[in-house]
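One structure below.
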Amino acid sequence: MRITDTSDLWWKNAVVYCLDVETFMDWNGDGTGDFPGLAQRVDHLSELGITCLWLMPFYPTADKDDGYDITDFYGVDPRLGTHGDVVELIRTCKDRGIRVIADLVVNHTSDRHPWFRSARASKDSPYRDFYVWRSDQPPDTSDQVVFPDQETSSWELDEKTGEWFLHRFYRHQPDLNVANPRVRDEIAKVMGFWLELGLSGFRVDAVPFLLETAGLSEAENEQFADPHEYLRDLRAFVGRRTGDGVLLGEVNLPHAEQSLFFGGTDGDELTMQFDFIGMQALYLSMAREDAAPLAKALQDRPSINPDCQWATFVRNHDELTLDKLSEDERQEVFAAFGPEESMQVFGRGLRRRLPPMLGGDPRRLRMVYSLLFSLPGTPVLFYGEEIGMGENLDVPGRMSVRTPMQWSSERNGGFSDAAPSRLAAPVVEGGFAPEFVNVADQRRDPQSLLQFVALLVRRYRECPELGWADFRVLDQPHAQVLAHCCTWGDGILVAVHNLGAESRTVPLVLDGCDASHQLVDLLEDQTTDVDAEGRAEIQLDGYGYRWLRVMAPGSRRLR
Ligand code: NOJ
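Read in order, the letters of the sequence shown correspond to residues 413 to 971 in our numbering.
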């Protein structure tokens, strides 16, 4: 491949940033973030260096699941702005070299969506089969519910028509029936609408549930015999309409199953998928101070079509799910990072952000972000990670990490002029409050986390091998250390991370290298020599990290 290919397959080395308009920046002083506020802060994103903005749902909503319960797929929540504001934002982002994608939540609607209102009004409604109904008593599905704190079944009895409807999430989120061609047409129309307004694709919510055929009639099952064909159709549709639009899928399944959602080696389904397995292994590795679980997860990734990509992350807007770890492993992570019950949720995850989990240790925090940006894949940040925001455990459930962005030490963290009681969500209190953690201070401090993350973004972008290359774990003797190498053409990047608190010397042997090579540190101003046999010794502080570019004689890569 050539460097110019990085502009075609832009998602292979993008830096994605997720935010909720509602909690990012309030410009009209009503306590709720809005599109005009976000537009005012695009330059923060641009200075950070991100290349793709992922907007959480901004559509009209019943707001019982923070916008993931949509009442109009074509609308804009009036609290957040208008279609005009959305287009202005997309255009401003494009000017700064930032593409915009948005959540596509079509596994379900809100129960207040006009389709469902009509569907439940009568069995003869033209929208009845937009949803999945059953007339006989459903089986026990209590072990399948996604939100066990609120739900005990995936089926809810609708009194009026005496039938049950399927809802894989909350009972107020009835599942759409994608086996119905009319529903599929509607979904395509919705996607086409937003793509036409300038989106570069979608983060697709709950993909395995979307394709699920449970509850369908025999005829529907026959008609919808290969749900993956539908995913192929969606990808082809986005391709036809945009040329380079993406589908970034939420598929929290074992790697082997994720492979199917990429379309196997054909790579004609989801463009990208979050690596939930790698993320969970990262926390286990951190808890144990042992790189083995992470190394194994990365090595176990199935190979994917070169056009596809893994999206790496350390935190998202939901609970930090640990559902794919064993019970013992999960308890280890709980003990290390969220021992109190109030820090845990659904029995499977943590509702904390990373800095408080690490006791605010700046060395460890930087090591984790250095690791995130050096792992093979496309890194995804959740707003506020760049400044080390904490959570507010007084806010219930998963909302604890969705507090207002902290812009300054002023009232409400500079997020809004409204009275604190009117804010869309309360700000963080205590040691991670805006007084101590905010953008304005960190912009002026060359040693801040914000500047460090911006450096990581810059270096990641300068090293397309991280998004494109073959990845290899390098042998070395320390269990606490992950040394890996990404090779792409004449570009070789070696990254070494120490998950342990003690400093270490890491001996490496670099295949194909000799004394004519040099290791140039990309994060610090230093170089390391390689000997005639390709050996080099890397010094690492406790929780230390190094990014080393292997410079061959005559290499024209920038040092
Ligand atoms: C996954 C989203 O990430 C989550 O926030 C939401 O509650 C469910 N899907 C239901 O839409």
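Yeah, the Cβ is synthetic: ideal placement off N, Cα and C, and Gly gets one too.
Please read all numbers here as calculations on a predicted model, not as lab measurements.
Which residue from the options puts its Cα closest to that of residue i?
| i | options | result |
| --- | --- | --- |
| threonine 418 | Cys875, Met963, Val906, Pro919 | Cys875 |
| threonine 815 | Val433, Leu934, Met691, Arg742 | Val433 |
| methionine 603 | Ala514, Gly809, Val962, Trp959 | Ala514 |
| alanine 693 | Val658, Ser738, His584 | Ser738 |
| glutamine 938 | Gln951, Arg503, Ala895 | Gln951 |
| alanine 891 | Thr494, Ala707, Val517, Ser522 | Ala707 |
| histidine 972 | Thr917, Ala964, Asn910, Glu949 | A query on residue 972 cannot be resolved here, the shown segment of the chain reaching from 413 to 971 and no further. |
| phenylalanine 883 | Ala837, Arg713, Gly761, Leu835 | Arg713 |
| asparagine 664 | Ser697, Leu450, Val616 | Val616 |
| leucine 911 | Arg765, Asp702, Leu732 | Asp702 |
| threonine 504 | Met468, Pro448, Phe528, Ser522 | Pro448 |
| valine 918 | Arg778, Glu949, Leu611, Asp446 | Glu949 |
| glutamate 669 | Lys601, Ser715, Thr444, Pro705 | Ser715 |
| threonine 654 | Val942, Ala618, Leu672, Phe605 | Phe605 |
| proline 593 | Phe636, Thr940, Val807 | Phe636 |
| glycine 796 | Ser782, Arg823, Arg765, Leu783 | Arg765 |
| leucine 787 | Gly879, Arg823, Asp645 | Gly879 |
| methionine 779 | Ala895, Phe827, Leu467 | Ala895 |
| aspartate 420 | Gly657, Leu569, Phe746, Asp497 | Gly657 |
| arginine 775 | Gly627, Phe673, Gly610, Tyr957 | Tyr957 |
| aspartate 933 | Met468, Asp941, Leu777 | Asp941 |
| valine 650 | Leu516, Asp829, Arg540 | Leu516 |
| tyrosine 695 | His729, Asp475, Arg742, Ser967 | Arg742 |
| isoleucine 462 | Pro472, Leu431, Phe746 | Leu431 |
| arginine 583 | Trp423, Val498, Asp477 | Asp477 |
| arginine 810 | Glu936, Gln562, Tyr471 | Gln562 |
Given a threshold of 16 other Cβ atoms within 10 Å of its Cβ, counted over all protein chains shown, does residue i qualify as buried or as exposed?
| i | result |
| --- | --- |
| glutamine 685 | buried |
| aspartate 638 | exposed |
| threonine 564 | exposed |
| glutamate 803 | buried |
| glycine 661 | buried |
| proline 551 | exposed |
| valine 498 | buried |
Just checking residue i against the ligand NOJ - is the residue's beta carbon closer than 8 Å to any of the ligand's heavy atoms?
| i | result |
| --- | --- |
| glutamate 662 | yes |
| aspartate 617 | yes |
| histidine 520 | yes |
| phenylalanine 581 | yes |
| arginine 760 | no |
| arginine 540 | no |
| arginine 884 | no |
| valine 807 | no |
| aspartate 730 | yes |
| tyrosine 480 | yes |
| valine 976 | For residue 976 there is no data in the structure shown, the boundaries of the chain being 413 and 971. |
| glutamine 711 | no |
| arginine 727 | no |
| aspartate 587 | no |
| valine 544 | no |
| aspartate 735 | no |
| aspartate 477 | yes |
| arginine 810 | yes |
| valine 558 | yes |
| leucine 517 | The sequence as given places valine at residue 517; leucine does not occur at that position. Because some heavy atom of the ligand NOJ lies under 8 Å away, the Cβ of valine 517 counts as near it: yes. |
Going by beta carbon distance, what residues of the same chain come within less than 6 Å of residue i, once the five residues before and after it are set aside?
| i | result |
| --- | --- |
| tyrosine 543 | Ala531, Phe577, Pro586, Asn589 |
| glutamate 632 | Ala591 |
| alanine 881 | Cys898, Thr899, Trp900 |
| glutamate 744 | Ala699 |
| valine 792 | Val428, Ala723, Phe725 |
| isoleucine 599 | Val518 |
| threonine 573 | Lys535 |
Which same chain residues, not among the five before or five after residue i, have their C-beta less than 7 Å away from its C-beta?
| i | result |
| --- | --- |
| alanine 913 | Gly954, Tyr955 |
| histidine 667 | Ile689, Asp712, Arg713, Pro714 |
| isoleucine 799 | Gln818, Val849, Asn850, Val851, Gln854, Leu861, Leu862 |
Note down, in chain order, each residue of its chain lying with its Cβ closer than 8 Å to the Cβ of residue i, except the 5 sequence neighbours on either side.
| i | result |
| --- | --- |
| arginine 508 | Val454, Asp455, Leu457, Ser458 |
| valine 893 | Ala703, Val908, His909, Asn910, Leu911, Gly912, Arg916, Val918, Leu952 |
Within 9 Å of any Cβ in chain D, is that where the Cβ of residue i sits?
| i | result |
| --- | --- |
| alanine 474 | Reference to chain D is not applicable here, since this structure consists of a single protein chain. |
Output the residue ranges of the alpha helix (DSSP H) runs that lie fully inside the segment 588 to 646 and measure 4 residues or longer, sorted by chain position. 593 to 608, 619 to 623, 630 to 635
Entirely within the segment 813 to 885 and at least 3 residues each: give me those beta strand (DSSP E) ranges in chain order. 882 to 885
My parser needs the beta strand (DSSP E) runs of 3 or more residues fully inside the segment 515 to 551; what are they? none
Would you list, in sequence order, the uninterrupted alpha helix (DSSP H) runs of no fewer than 4 residues that lie entirely inside the segment 740 to 775? 766 to 769
Segments assigned beta strand (DSSP E), at least 3 residues, entirely inside the segment 442 to 502: 464 to 467
Whole alpha helix (DSSP H) elements within the segment 673 to 703, 4-residue minimum: 688 to 700
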